[in-house]
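Here it is in structure tokens:
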């Protein structure tokens, strides 16, 4: 049986995700995070590398709910992370201000066997020092279930 | 520059070598509350089993994806002390629930001796309850020859 065509995904590509202020990984927060992992805290001031995700998510110009809203999606409908990619240019440090820039790369609507219909949201974020030197680049893909379209 | 097997920073590394796994006996729902704060993301599926039930996703809170990823990174840090994580690419293909046992693992896919150490590419994964793969991916790390970062 042929499924009816889905309406197009909202136009979201190009929306800026650049932050409006610096993000700092505090030594206290790094210590608390390492404790949840049973991981020792580095003595040289480096932060746990998973802060690549946290720093970019918290430092970008939108909350998770705001990012979803930019895609005309209600965060209460349960976005799901699908993939992450990061390339580091240098290690993350505690007590160092970082700036986040980024943008939505694409929002693609697809049929899904398990969800009925969904949008794939891809966005890119970059973390830089105050002088502009790049620290890392990351790309995340989220699944936004569109159960109302199924 | 040699490939296939390298000794650097006191570590002998060879293609196909399994990295020592890193296990968490039971993922603590209390730590999910801390991660909600780290991520500034109060999604109730990480905090309230009733929210998980309401979405038909089970009856236990669901661990944050980045927390699952952090177990994998911690495994790499323990297996390759002194290394720097240069790149990481992962797919999140399943959920970890409160109380689940998880084990992060990895295998060396490529190792190349460099002028000042080695570059190692590893397949990585996170398994829940010794059964389900919930994260799979690839990590690239550099190891200085002296073991210094």
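Residue numbers (the numbering used here), protein chains in the order written: chain A, 1071 to 1220; chain B, 6 to 154. Where a beta carbon is used, it is the ideal one built from N, C-alpha and C, also for glycine.
By a beta-carbon distance limit of 8 angstroms, residue 83 (chain B) contacts residue 25 (chain B). Their separation comes to about 7 angstroms.
Of the candidates A:1215, A:1196, A:1159, A:1196 places its Cα closest to the Cα of residue 1128 (chain A). A distance below 8 angstroms separates the beta carbons of residue 101 (chain B) and residue 32 (chain B). Between the alpha carbons of residue 89 (chain B) and residue 1078 (chain A) lies a distance of about 43 angstroms. In the three-state scheme derived from DSSP, where H, G and I count as helix and E and B as strand, residue 1104 (chain A) is classed as helix. Pairing residue 1217 (chain A) with residue 1185 (chain A), the inter-Cα distance amounts to about 6 angstroms. By the criterion of a C-beta distance shorter than 7 angstroms, residue 1164 (chain A) is surrounded in its chain by 1095, 1096, 1097, 1100, 1115, 1117, once the five residues flanking it on both sides are discounted. Rounded to whole angstroms, residue 55 (chain B) and residue 125 (chain B) show a C-alpha spacing of 43 angstroms. Among the residues of chain A, those whose CB is under 7 angstroms from the CB of residue 43 (chain B) are 1099, 1103, 1124, following chain order. At a C-beta separation below 7 angstroms, residue 46 (chain B) has these neighbours in chain A: 1134. When secondary structure is reduced to three states using DSSP, residue 1146 (chain A) falls in the helix class. Residue 68 (chain B) has its alpha-carbon roughly 12 angstroms from the corresponding atom of residue 97 (chain B). Just measuring C-alpha positions, the residue of B:30, B:99, B:64 sitting nearest residue 70 (chain B) is B:99.
Bridge partners of residue 1180 (chain A) according to DSSP: A:1188.
Proximity of residue 150 (chain B) to chain A, defined by a Cβ-Cβ separation below 8 angstroms, is not satisfied. Listed along chain B are 70, 97, each with a C-beta nearer than 7 angstroms to that of residue 1151 (chain A). For chain A, the residues of the segment 85–110 of chain B that bring a beta carbon within less than 8 angstroms of one of its beta carbons are 89, 90, 91, 92, 93, 94, 95, 96, 97, in chain order.
Close to residue 1158 (chain A), with beta-carbon spacing below 9 angstroms, are these residues of chain B in chain order: 89, 90, 91, 92, 93. The Cβ-Cβ distance between residue 1169 (chain A) and residue 1089 (chain A) falls below 8 angstroms. Contact check between the segment 40–49 of chain B and the segment 16–24 of chain B: fewer than three CB pairs, one atom from each, fall below 8 angstroms, which does not count as touching.
Between the alpha carbons of residue 1148 (chain A) and residue 1134 (chain A) lies a gap of roughly 11 angstroms. With contact defined as three or more Cβ pairs closer than 8 angstroms, the segment 1081–1088 of chain A and the segment 1135–1143 of chain A are in contact.
When secondary structure is reduced to three states using DSSP, residue 65 (chain B) falls in the coil class, being assigned neither helix nor strand.
Under the three-state reduction of DSSP, residue 87 (chain B) is assigned to coil, being neither helix nor strand. Contact of residue 1178 (chain A) with chain B is not assigned, every C-beta pair being separated by 8 angstroms or more. Below the 8 angstroms Cβ cutoff, chain A contributes 1148 as neighbours of residue 50 (chain B), in chain order. Per DSSP, the continuous alpha helix (DSSP H) segment holding residue 57 (chain B) begins and ends at 54–59.
Taking 8 angstroms as the threshold, the shortest C-beta distance from residue 24 (chain B) to chain A does not fall below it. Note on residue 1105 (chain A): under 16 other CB atoms within 10 angstroms of its CB, so exposed under the neighbour-count rule. Per DSSP, the continuous beta strand (DSSP E) segment holding residue 111 (chain B) begins and ends at 107–119. Taking a beta-carbon distance threshold of 8 angstroms, residue 1198 (chain A) does not count as an interface residue toward chain B.
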